[in-house]
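Numbering (my numbering), first residue to last: 539 to 697. Report on one structure; see the data block that follows.
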């Protein structure tokens, strides 16, 4: 456990790296019954900690199939982080569904009324919308991308 040396009135944020040759579980310190599920792998992508991510996936390949609380895959996170190395690394495993429409986009729209809605896009749609040419090429080079796949945006498009 980490403790502060001096008492203070502000909240600190702390990040630590944990490397272990054994599989382990993390638990919330304030809620000991709540296990932290797969957060270390997801956090390594969000913080662009490539070496930690590589180490974790090589050691625990079953983690390739984990998803965020918004049901996004590791490939989707890597695409959204615009991390070409991680996208290539994940595609090299050849077990990733490149067509899974799971990139969670939340929109606030004002037309005649105010409404919120969310969309789910496949990684290729996100790469194209963000002009991520190199990532789009990596995805297309798998030969598995379904270019006829509709996004939620195509379906619910413009109320």
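By construction, the Cβ of each residue, glycine as well, lies at the ideal position given by its N, Cα and C atoms.
Judged by DSSP in its simplified three-state form, residue 605 adopts strand. Contact annotation: residue 637 and residue 684 have beta-carbon atoms nearer than 9 Å. Pairing residue 633 with residue 571, the inter-Cα distance amounts to about 32 Å. Residue 591 is classed as buried because its beta carbon has at least 16 other beta carbons within 10 Å across all chains shown.
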